[in-house]
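Colleague: Residue numbers (the UniProt record's numbering), protein chains in the order written: chain D, 1 to 611; chain L, 1 to 702.
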Amino acid sequence: MAFNRYTRCYLALLLCAAVAVADDSSEESSSTIPSKWLCDSTDLCLPEEELMPGLGNIQPPHRYESQRDCRLSCGKYGAIWPMPTGECSLSHDRVHFDPWKVRFNVVAPNAVTTQFLRETNRLFVSNLLKECTRNCTLGNSKEVLVKATVNDSSLVLDWSTDESYMMVVRTTDTASFVDIKATTVYGARFAFETLSNLVTGSLSNGLLLVSAARVHDRPVYPHRGLLLDTARNFLPLRYLRSTLDAMAASKMNVLHWHVVDTHSFPLEITRVPEMQRYGAYSNAQTYSRIDAVNLVKYARLRGIRIMMEIDGPSHAGNGWQWGPSAGLGNMSVCLNQAPWRNYCVQPPCGQLNPLNDHMYAVLKEILEDVAELGAPEETIHMGGDEVYIPCWNRTEEITTQMKARGDDLSEASFLRLWSQFHQRNLNAWDSINQRMYPSVREPKPVILWSSRLTDPETIEQLLPKERFIIQTWVSALDPLNRNLLQRGYRLLISTKDAWYLDHGFWGSTSYYNWRKVYDNALPLDPHRGQERQVLGGEVCMWSEYVDQNSLEARIWPRAGAAAERLWSNPKSSANLAQRRFYRYRERLIARGIHPDAVVPHWCVLHEGQCL
Amino acid sequence: MCNIECCKSRKTHNTTKQQTFPYLRYLFKMSLAVSLRRALLVLLSGAIFILTVLYWNQGVIKTQAYSEAQPRLHVQRDRNIDPIPLEKSWTYKCDHDRCVRVNYHKNEDNAKRVSFISCSMTCGDINIWPHPTSKSLVSAHTLRFSVEDVHLRLDSPHRDVRKQLKLAFDWFIKELRQIQRLDYASHTDEISMAAASVSEPSFRLGLHKTDTDVAESPLAGSLFSATFGSHRVGDLDSLQVKLSVHGSDQLNFNLDNDESYKLSTTYEHRRILVHITAQTFFGARHGLSTLQQLIWYDDEERLLRTYVSSLINDEPKFRYRGLMLDTSRHFFSVDAIKRTISAMGLAKLNRFHWHITDAQSFPYISRNYPELAEHGAYSESETYSEQDVREVTEFAKIFGVQVLLEVDAPAHAGNGWDWGPKRGLGELSLCINQQPWSFYCGEPPCGQLNPKNNHTYLILQRLYEEFLKLTGPTDIFHLGGDEVNLDCWAQYFNDTDLRGLWCDFMLQSNARLKLANGNEALRHVVVWSSALTNTKCLPNSQFVVQVWGGSTWQENYDLLDNGYNVIFSHVDAWYLDCGFGSWRATGDAACSPYRTWQNVYKHRPWERMRLDNKRRKQVLGGEACLWTEQVDENQLDNRLWPRAAALAERLWSDPNDDHDFDIVPPEVFRRISLFRNRLVELGIKAEALFPKYCVQNPGECI
């Protein structure tokens with residue numbers, strides 16, 4: 001038996017060697033393919049033999065070794081995703097270099113920003129290495145010297161953070177120089193992201209870099225988000241991290257973490273351990289405090305905020321069951337009640353009890369935990385959608401108390417009750433923040449979903465616009481956005497019929513392919529020149545029908561299409577972006593993401609043939 | 001990968017060595033102290049003892065050898081995360097045939113925790129997907145055991161059948177090991193790994209360590225118990241699986257293969273005997289699939305469980321239960337295909353229809369015409385060698401799945417066929433990559449074989465010959481034959497009857513198929529439904545039409561009236577690629593919306609069409625199709641599963657269904673949800689059916 005093991009081991013080694021040898025030989029044969037690529041006058045990358053001779057093409061002067069090589073500089077924006085909003089000029093020449101020969105020079109005002117940029121450099125190199133098609137090392141490579149200069153000493157990341165950058169690449173006989181200038185470290189990080197889009201693997205060893213480039217770039221919208229729901233189905237941490245990686249590659253900057261819902265409560269609340277104990281699907285399907293803190297850090301290094309959502313008063317149930325046994329009364333009502341259609345819009349039911357003071361006390365503890373997790377400037381999403389009034393109306397405990405308070409049981413008084421719920425939590429949030437982060441002067445606005453409460457007719461009485469940002473999830477044709485903007489509310493846009501990534505797999509919803517996602521333009525600010533009201537938008541990944549098995553393919557590459565909408569707000573349609581988009585998708589794959597396929601592989605290889 | 005494997009085996013070797021070493025030293029001392037003769041005697045008796053013990057435990061050691069020797073499936077790279085983690089916070093109670101979730105923290109009476117699966121398996125109707133068709137009884141009493149306790153007894157007079165059964169059993173054991181989580185890290189490891197995640201180097205280190213530890217410990221433990229006969233952990237001394245195949249020695253796939261089986265379980269003195277009897281290997285193979293679903297992993301005990309007694313009689317309603325994968329629009333690795341086939345085996349689907357080429361690419365490297373792949377494959381690595389195809393067919397046979405290779409012709413053949421003129425064979429295919437494509441084909445790129453070039457037919461004949469050789473003798477073959485664009489040919493030929501040309505092409509290629517099959521006509525030749533199949537030009541005695549049009553179209557009735565046997569693949573129910581929008585800049589999405597698993601499951605064309613008995617016999621079965629314009633390996637599993645499983649039950653058991661449109665009974669929800677868990681358990685990335693809350697609370701979300 002032992003002998004067998006050794007032989008097997010030996011054989012395996014031999015096999016490995018054989019495979020290595022076979023690899024070598026196939027490499028040799030592939031490098032002898034003389035295929036030359038050209039960038040034609042319509043910005044298509046074509047093999048030389050496919051170039052239409054009749055079209056009056058003056059033979060373009062540059063020859064590229066591969067389609068990807070050609071893509072680097074073919075067209076104004078080359079392979080950069082999302083497209084830069086300012087100046088962008090790319091040379092058609094490329095430099096052959098070795099990623100290990102990239103040297104970094106960081107000029108930053110203090111230790112934390114320097115440290116941040118060093119980390120950025122490390123991540124940048126690891127992304128470069130993933131682009132290598134063959135051996136990364138190259139015998140006589142030019143050096144690439146990257147200098148990043150940052151002025152601002154702060155690491156604050158919010159809607160007012162300056163994310164702009166400029167980058168100049170030039171090449172001399174001895175080396176290539178990359179000069180990055182940005183106000184904040186986050187701007188500089190985006191420059192590195194862009195720089196990685198100027199690089200592709202070479203058919204021989206090493207990498208290719210566009211030899212000269214000038215890029216001035218800043219995002220159009222400061223909120224470029226993705227919602228991830230980890231309550232309907234749990235998502236293991238590594239999938240959250242891979243989502244953050246892909247977001248970083250797409251220059252998105254907010255992960256809206258819809259961490260809890262009626263279905264489950266996976267987040268550890270150190271002050272109230274019962275929440276997780278009663279609410280998680282299982283012990284393993286939880287996020288500990290350390291997990292969450294680490295995830296916030298992980299995101300931060302990739303220029304991403306994590307905005308937590310503790311949904312309420314609706315969408316809260318499992319996790320809140322322990323009230324009666326602890327002498328705190330019913331904190332959630334209609335809990336898991338059947339038949340669910342009488343008590344909520346989606347099973348299982350559950351809605352917080354807005355007349356139970358203990359519930360507010362527990363919720364305050366939860367908010368305190370959440371405040372501790374994030375950065376001092378980070379705010380919170382308070383949910384506030386899909387309150388099902390019949391649930392409250394059918395709960396005797398609530399109706400008797402309301403009558404005792406002198407309220408009737410009309411819809412208006414339930415709406416008032418609902419808005420009081422939010423106001424009370426907002427006060428709690430403010431007092432927590434004043435105590436925890438006295439340096440943050442202005443009270444932070446919080447976010448709510450659009451709902452009955454945000455009806456333009458009554459919203460001004462219920463939710464003050466200085467304190468509440470509304471995330472609308474209505475269809476593109478709905479007048480709600482316009483009405484709220486006119487009333488001076490700040491909005492986040494999650495267009496239901498374009499940016500809901502879960503659609504198309506249930507009910508009468510339909511799937512929105514990347515073109516539809518891309519073409520979804522956001523409403524215009526009505527008060528130009530004043531403070532920005534449309535902060536940006538989010539694509540939403542509700543997880544009823546998605547868990548780790550299909551998550552990545554459901555989100556990517558479509559969220560990337562929204563990323564370009566939010567970063568560049570392009571005037572052109574998806575058709576002009578498609579070749580850059582296909583290249584972007586390939587980059588995601590190289591970085592270990594598993595995006596959906598969008599066209600037959602043949603169409604990627606034969607540009608312009610599948611219109 | 002290679003290195004890790006070696007480390008592992010070396011380490012285990014060391015442990016056995018250390019165990020034997022003290023005994024040797026003892027013997028050595030004895031030989032000095034007392035006489036040499038006595039030492040020899042002791043040595044001899046020791047050797048006899050060890051041999052006896054080894055002989056006694058032969059089966060156990062064998063099972064370990066299987067698990068060691070089996071190549072690891074591609075998906076196991078992710079094995080450090082248990083796909084269905086331990087759920088300690090809940091216990092379950094059976095209430096009116098439904099498991100109810102109860103928070104275990106609340107559990108005052110200190111009762112033992114009942115895991116979800118153990119409750120589900122003993123509450124309500126039997127949990128087998130697809131549902132057995134004639135008889136299914138299981139006892140309420142269940143027992144614990146470990147995969148090491150499972151032995152095989154073969155009972156068949158046919159040597160080849162025995163060999164094949166053994167292979168099937170080996171895979172059965174391998175999957176049981178996976179079900180018992182023997183290859184996964186424990187949960188605490190996952191949590192500590194997660195915590196260490198930000199500092200990536202240490203994260204990797206941790207991973208390695210747990211990997212080897214886990215792989216080693218159960219093995220070392222069971223080796224110990226094997227040698228010294230220590231007491232077992234479960235309730236059983238052994239679980240013997242007896243596979244009896246006395247009927248036929250048939251191992252070739254034919255449409256009339258008998259797939260029925262009987263399974264019975266009996267229990268006596270800590271021994272369970274599972275007896276699977278079938279007429280053929282194929283029936284026995286399905287019996288193993290069923291048995292696998294009678295066994296589950298109890299996360300409370302960390303052991304497997306099964307019923308003390310059971311009795312199942314089962315046979316399929318339809319003979320052809322297929323799944324089609326297109327490997328031309330996108331390439332799929334052999335690993336991905338094998339993974340798909342292993343899942344098909346569990347769902348008792350029995351035909352893997354491999355649409356191996358199309359106009360986009362030609363990934364198959366033909367022995368006779370390697371030019372096809374040289375000119376037609378996306379890249380050198382995106383190809384299938386003969387060895388690959390053989391590997392897939394042999395693998396599929398273990399799972400009772402036939403591989404049907406299709407080279408679509410005359411349409412859907414362009415890239416790969418462009419080298420004719422260079423070799424002096426004339427144009428083999430016409431309109432290759434011609435623009436504007438919408439004039440000459442259904443989707444870019446265009447390409448349609450030249451019906452007036454004898455070399456085209458010769459190449460097809462050689463390809464058919466290779467395919468038949470690779471997949472083994474059979475009575476069914478797929479010729480393609482759909483979506484011919486007559487305008488393409490009209491550019492070259494001024495025949496008035498271009499449709500006649502198409503018909504001649506099909507007849508000619510059928511003649512070539514006969515030649516390729518040693519001049520023996522195949523009993524069934526499948527073609528896709530098209531304008532041609534409405535003309536009766538193809539003889540209905542031999543041709544089978546795979547109907548892919550709408551289920552309400554007139555052609556459904558006409559084809560049956562015209563006497564054709566049919567396989568249903570209705571686009572409005574069984575096309576799994578639909579619903580992802582148009583992939584081109586122009587044009588609408590061809591077949592939105594997405595077909596949910598309920599759509600797939602509820603589709604019963606034979607009922608809706610009210611077929612009489614004669615016509616019902618003409619329905620050979622059905623097939624779900626996955627065209628891959630918008631699918632590649634990244635999401636293959638979740639496009640196919642669990643929807644293909646919904647089809648599997650429709651075709652195997654065809655359960656009655658008097659519910660309204662779109663409503664599936666709660667019982668089916670419960671069973672398919674468990675089946676989906678089983679797929680995930682085996683590393684198939686099946687899509688979620690609903691929130692996990694609904695999995696844990698059966699019936700509450702309907």
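Think of the CB as a built atom: it goes at the ideal place given N, C-alpha and C, for glycine as much as any other residue.
#1: Hey, is the region 587-598 of chain D in contact with the region 542-556 of chain D, meaning 3+ C-beta pairs nearer than 8 Å?
#2: Using a Cβ-Cβ distance cut-off of 8 Å, determine whether D596(D) contacts chain L.
#3: Quick one: is D155(L) near chain D, going by C-beta distance under 8 Å?
#4: May I have the straight-line CA-CA distance separating N253(D) from V539(D), to the nearest angstrom?
#5: Can you pull out the residues from the region 498-523 of chain D whose beta carbon lies closer than 9 Å to at least one beta carbon of chain L?
#6: Could you check what DSSP says for A409(L) in three-state terms: helix, strand or coil?
#7: Excluding five sequence neighbours on each side, which residues of the same chain lie with their C-beta closer than 8 Å to the C-beta of Y557(L)?
#8: Going by the CB atoms, is the gap between N353(D) and M331(D) shorter than 8 Å?
#9: In chain order, what are the residue ranges of uninterrupted alpha helix (DSSP H) at least 4 long that sit wholly in the region 258-298 of chain L?
#10: Using C-beta distances below 6 Å, list every residue in its chain close to W542(D), excluding the 5 sequence neighbours before and after it, in chain order.
#11: Got a sec, what are the start and stop residues for the beta strand (DSSP E) Y165(D) sits in?
#12: Jot down the residue ranges of each uninterrupted alpha helix (DSSP H) in the region 449-476 of chain L, minimum 4 residues, whole runs only, in chain order.
#13: Between the region 148-157 of chain D and the region 172-187 of chain D, can you find at least three pairs of beta-carbon atoms closer than 8 Å?
#14: Taking Cβ-Cβ distances shorter than 8 Å, what residues in chain L pair up with F234(D)?
#15: Would you report the Cα separation of S451(D) and N318(D), rounded to the nearest angstrom?
#16: Determine the chain L residues that contact N353(D) at a beta-carbon separation under 9 Å, and present them in chain order.
#17: Specify the secondary structure class of E315(L) as computed by DSSP and reduced to three states.
#18: On the three-state DSSP scale, how would you describe C39(D)?
#19: Between the region 560-567 of chain D and the region 76-92 of chain D, do three or more beta carbon pairs fall short of 8 Å?
#20: Kindly list, in the order they appear in chain L, the residues whose Cβ is closer than 8 Å to that of E544(D).
#21: When every heavy atom of the ligand NAP is checked, does at least one fall within less than 7 Å of the C-beta of G234(L)?
#22: Using a threshold of 8 Å, state whether the C-beta atoms of R671(L) and L576(L) are closer than that.
#23: Does L203(D) come out as helix, strand or coil in the three-state DSSP assignment?
#24: Using a C-beta cutoff of 8 Å, does P445(L) count as contacting chain D?
#25: Taking 6 Å as the limit between beta carbons, can you name the residues of its chain near R271(L), skipping five residues before and five after?
#26: Quick check: the Cα distance between A648(L) and S260(L), rounded to an integer number of angstroms?
#27: Do W429(D) and V446(D) have their C-beta atoms within less than 8 Å of each other?
#28: Cα separation between K251(D) and R515(D)?
#29: Figure out for me which residue from K166(L), L143(L) and N350(L) has the closest Cα to the Cα of Y267(L).
#30: Would you say Q448(L) and N494(L) are within 8 Å of each other, going by their C-beta atoms?
#31: Would you check if the distance between the CB atom of E681(L) and the CB atom of I179(L) is smaller than 8 Å?
#32: DSSP three-state call for H216(D): helix, strand or coil?
#33: Does any residue of chain L have a CB that is nearer than 8 Å to the CB of A559(D)?
#34: Would you tell me roughly how many angstroms separate the C-alpha atoms of S202(L) and Y298(D), rounded to the nearest one?
#35: Could you give the distance in angstroms between the alpha-carbon of T32(D) and the alpha-carbon of N205(D)?
#36: Does the region 382-396 of chain L touch the region 351-370 of chain L, meaning 3 or more C-beta pairs lie closer than 8 Å?
Modeller: Reading from the atomic positions:
#1: yes
#2: yes
#3: It does not: the Cβ of D155(L) has no partner Cβ on chain D nearer than 8 Å.
#4: Straight-line Cα distance between these residues: approximately 12 Å.
#5: G504, F505, W506, S508, T509, S510, Y511, Y512, N513, W514, R515 and K516
#6: Looking at A409(L) - three-state DSSP - the assignment turns out to be strand.
#7: M609
#8: yes
#9: 281-293
#10: Around W542(D): D229 and D502.
#11: Y165 to T171
#12: 454-471
#13: yes
#14: K692
#15: 22 Å
#16: Those do not exist, as N353(D) stays about 19 Å from chain L at its closest Cβ, beyond 9 Å.
#17: coil
#18: The three-state secondary structure of C39(D), taken from DSSP, is strand.
#19: yes
#20: Correct list: A688, F690 and P691.
#21: In the structure on display, the ligand NAP does not appear, and there are no ligands present to speak of.
#22: no
#23: L203(D) carries a coil assignment under DSSP once its states are collapsed to helix, strand and coil.
#24: yes
#25: Excluding sequence neighbours, R271(L) sits near D237 and S238.
#26: 15 Å
#27: yes
#28: 19 Å
#29: L143(L)
#30: no
#31: yes
#32: H216(D): strand per DSSP, three-state reduction.
#33: no
#34: Below a pLDDT of 50, predicted positions are generally treated as unreliable, and S202(L), at 33, falls in that range; the measurement from the model is reported next regardless. Rounded to whole angstroms, S202(L) to Y298(D) spans 16 Å at the Cα level.
#35: Note that T32(D) has pLDDT 41, beneath the 50 cutoff, so the model's placement of it is unreliable and no number is given.
#36: Contact between the region 351-370 of chain L and the region 382-396 of chain L is established, with three or more Cβ pairs separated by less than 8 Å.
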